[in-house]
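In this note's numbering, the protein residues as written are 6 to 261.
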């Protein structure tokens, strides 16, 4: 599959940035432009997200295959891959499937283990039931969602996926039908096997529970050369909550 991407910079090593579930390349524009001072930055949209094509297939293997195809199409050799949340899992899986195709790995607030997707399943069900064709303004959709989801930041993040289709009606950029059916695929129990020797940086939010002390034992089991940085005061959306600290951690690792 030919993935949509935004590219910034023309010097340094290639840095591929992979967004999380419901995300897209647009979420990384500001940081991507900053990264481009030292790297050739590729902000990609995963399949069934953003402006990339939709498909009935949705698994770590096919998403990693898409990334590999993107690298081949763009003559990218041994890049640094940065992934956040779901993108972090795709990045980790890629490092294990294609160990000779990656130079360094950066995983933002995600561990190599199974996470419960009940929240995402319920959220998708809620979004699926929304009669988007009946709304004239985004604010109307936000108001309806607010009755169930109080987190305004999360709602704004989701609403960035809205666009006007050919009928001038609101529609989701992500493939809500396939995500609703196959989001459980990202619960994969045996996510990775073996040991990754690529130099790896895990960045976690100090207020997030996505990388716990117990998870450090799992990381140690599967990664031979890793470090963990913590951004104090930040949650799961650490790159948005403290972009300066996040940038410094990423660039410090990329350039060393």
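Beta carbons are placed, not taken as given, at the ideal position from N, Cα and C, and that holds for glycine.
Status (buried if at least 16 other CB within 10 Å, exposed otherwise) for residue i
i           : result
residue 10  : buried
residue 109 : buried
residue 112 : buried
residue 1   : For residue 1 there is no data in the structure shown, the boundaries of the chain being 6 and 261.
residue 130 : exposed
residue 106 : buried
residue 160 : buried
residue 142 : exposed
residue 134 : exposed
residue 209 : buried
residue 151 : exposed
Selected residue, minimal CA-CA separation from residue i, among the options
i           : options               : result
residue 245 : 74, 16, 75 and 162    : 162
residue 83  : 18, 238, 142 and 57   : 18
residue 200 : 187, 218, 225 and 216 : 225
residue 38  : 237, 51, 12 and 188   : 12
residue 41  : 15, 64 and 32         : 15
residue 78  : 139, 85, 169 and 6    : 6
residue 96  : 213, 197 and 141      : 197
residue 227 : 64, 33, 57 and 98     : 98
residue 68  : 85, 48 and 94         : 94
residue 212 : 191, 205 and 247      : 247
residue 80  : 47, 188 and 218       : 47
residue 238 : 214, 231, 219 and 185 : 214
residue 59  : 180, 140 and 102      : 180
For residue i, the residue or residues it bridges with in DSSP
i           : result
residue 258 : The partner list for residue 258 (beta bridge, DSSP) is empty, contrary to what the question assumes.
residue 12  : 47
residue 175 : 169
residue 21  : 47 and 86
residue 207 : 112 and 233
residue 201 : 228
Integer-rounded CB distance, given that residue j should sit under 8 angstroms from residue i
i           : j           : result
residue 20  : residue 44  : 4 angstroms
residue 223 : residue 117 : 6 angstroms
residue 32  : residue 24  : 6 angstroms
residue 29  : residue 50  : 5 angstroms
residue 178 : residue 56  : 7 angstroms
Please give the ranges of any beta strand (DSSP E) in the segment 92-147, keeping only runs that are unbroken, at least 3 residues long and fully inside the region. You should have 109-113.
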